[in-house]
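**Q**
In the working numbering, the protein residues as written are 278 to 637.
#1: Using 10 angstroms around the beta-carbon of residue 567, count the other beta-carbons present and answer buried if the total reaches 16, otherwise exposed.
#2: How is residue 335 classed by DSSP in three states: helix, strand or coil?
#3: Identify, in the order they occur along the chain, each residue of the same chain with its Cβ nearer than 8 Å to the Cβ of residue 489, setting aside the five sequence neighbours on each side.
#4: By the three-class DSSP mapping on this structure, what secondary structure does residue 355 have?
#5: Please confirm whether residue 352 and residue 419 have their CB atoms less than 8 Å apart.
#6: I need the straight-line Cα distance from residue 548 to residue 578, nearest angstrom please.
#7: For residue 443, tell me which candidate among 345, 359, 485 has the shortest Cα-Cα distance.
#8: What did DSSP end up calling residue 476 once you bin it into helix, strand or coil?
#9: According to DSSP, is residue 593 helix, strand or coil?
#10: With the cut-off set at 8 Å, would you say residue 595 and residue 610 are in Cβ contact?
#11: Taking only three categories from DSSP, how would you classify residue 553?
#12: Roughly how many whole angstroms lie between the Cα atoms of residue 382 and residue 362?
#13: Once DSSP output is grouped into helix, strand and coil, what is the label at residue 301?
#14: Rank 473, 422, 436, 472 by C-alpha distance to the C-alpha of residue 448 and give the top, closest one.
#15: Taking all protein chains shown into account, decide if residue 601 is buried (16 or more other Cβ within 10 angstroms of its Cβ) or exposed.
#16: In whole angstroms, what separates the C-alpha of residue 614 from that of residue 581?
#17: Which residues in the same chain have their Cβ closer than 8 Å to the Cβ of residue 305, if we skip the five residues on either side of it in sequence?
#18: Just the C-alpha distance for residue 617 and residue 323, rounded to the nearest angstrom, thanks.
#19: With distance defined between alpha-carbon atoms, name the residue in 605, 569, 597, 599 nearest to residue 620.
#20: Quick check on the burial criterion: 16 or more other C-beta atoms within 10 angstroms. Buried or exposed for residue 638?
#21: Here's the rule I'm using: 16 or more other beta-carbon atoms within 10 Å means buried, otherwise exposed. How should residue 605 be labelled?
#22: Is residue 436 helix, strand or coil by DSSP?
#23: What three-state label does DSSP hand residue 392 in the structure shown?
#24: For residue 495, I'd like the list of residues in its chain whose CB is within less than 8 Å of its CB, leaving aside the five on either flank, ordered along the chain.
Structure representation (structure tokens):
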């Protein structure tokens, strides 16, 4: 066979060298399907996001290469994504997204039953996706991320490739463009879910922000190949995310109020109730923050950690704080006692109990 004859003529040393050739030496090429007509709109939209490396020096290219090697590229893989010609096949069909409609956004605001700013209607102007459009968007998004991951694996910081860096950035930007089309088509679903969790202590804006973040994570983790509609999966994710937000907010409020009580700050039963108004709550929290900021660095850390305030999600022991600060357990106890005395003194100088009473 010709192939076998050719292999016999290759010296053993050269054969080993050929086998050891690193993938990063493979020249980068822009696949033809990246510039296909089906991606014309998407390419136009992401052109401003994609960096031009034509005038970049080697140091800049090396730095960009290292950043891409550290970045996580999340996607749902598929065994066919590595098939030759898969790119042309994925983008062979016509997506045919419907244009945005202002009336859809206005209708969403009216149905919400909440007095919302008119600008939020723009978030809900994208029509719902047809089942086949949904599948195409998820397939294309994950295929683009898969291709970006493949080319990223070929990066070499010692021999940076301008063409490969530009290709990776465009592939990721195109994948995010398809992700955004899925997100905007499902924002009305988020509106319908989070409005059920709105109460005096949890505003619609905060819940909506968390809901959108949850929706974006759901898009990244959804496996379109299982045959389910995305809305079924997204509903559970957003609902669970909203519930967790409400619970965490309630726990934070209880921690702050408990901390005020431990500092011997008098708060009436009415003000401790779950129905405490946002005005009173922010007043208490703001004054609490002012007092904590008057402590020194170690005292502030100890009080926050001991009462599980701010970013601390659990109560820290004296020993754990001693290990962290590099001091003895007894010294931590002394600092805590000193900080509490300071806070009690400051509480006596700040008129916390006399908060305004809300109108019925």
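Idealized CB from N, CA, C, for every residue including glycine.
Note that this is a predicted model, so its numbers are computed, not measured.
**A** With the structure as the only source:
#1: Its Cβ having fewer than 16 others within 10 Å, residue 567 is exposed.
#2: Helix.
#3: Cβ within range, chain order: 460, 464, 467.
#4: Three-state DSSP puts residue 355 in coil, outside helix and strand.
#5: Result yes, Cβ atoms of residue 352 and residue 419 sit closer than 8 Å.
#6: At residue 548 the pLDDT is 43, less than 50, meaning the model places this residue with poor confidence; the figure from the coordinates comes in the next sentence. For residue 548 and residue 578, the distance between alpha carbons rounds to 27 Å.
#7: Residue 345 is the option with its Cα nearest to residue 443.
#8: Of the three classes helix, strand and coil, the one that applies to residue 476 here is strand, per DSSP.
#9: The three-state secondary structure of residue 593, taken from DSSP, is coil.
#10: Going by C-beta atoms, residue 595 is nearer than 8 Å to residue 610.
#11: Bear in mind that the predicted position of residue 553 carries a pLDDT of just 49, short of 50, making it unreliable; the figure below should be weighed with that in mind. Residue 553 falls in the coil class under three-state DSSP.
#12: CA-CA distance, residue 382 to residue 362, rounds to 40 Å.
#13: Since pLDDT at residue 301 reaches only 41, below the 50 mark, its modelled position is unreliable, and no value is offered.
#14: Nearest C-alpha to residue 448 among 473, 422, 436, 472: 422.
#15: Around the beta-carbon of residue 601, fewer than 16 other beta-carbon atoms lie within 10 Å, marking it exposed.
#16: Between the alpha carbons of residue 614 and residue 581 lies a distance of about 13 Å.
#17: Closer than 8 Å at Cβ, skipping near neighbours: 428, 431, 438, 440, 441, 444.
#18: Looking at the two C-alpha atoms, the distance is approximately 54 Å.
#19: If we check each option's Cα against that of residue 620, 569 comes out closest.
#20: Residue 638 lies beyond the stretch modelled for the chain, which goes from 278 to 637, so this question has no answer here.
#21: Per the 10 Å Cβ criterion, exposed.
#22: If DSSP states are grouped into helix, strand and coil, residue 436 belongs with coil.
#23: Under the three-state reduction of DSSP output, residue 392 falls in the coil class, being neither helix nor strand.
#24: Same-chain partners within the cutoff: 507, 510, 511, 514, 515.
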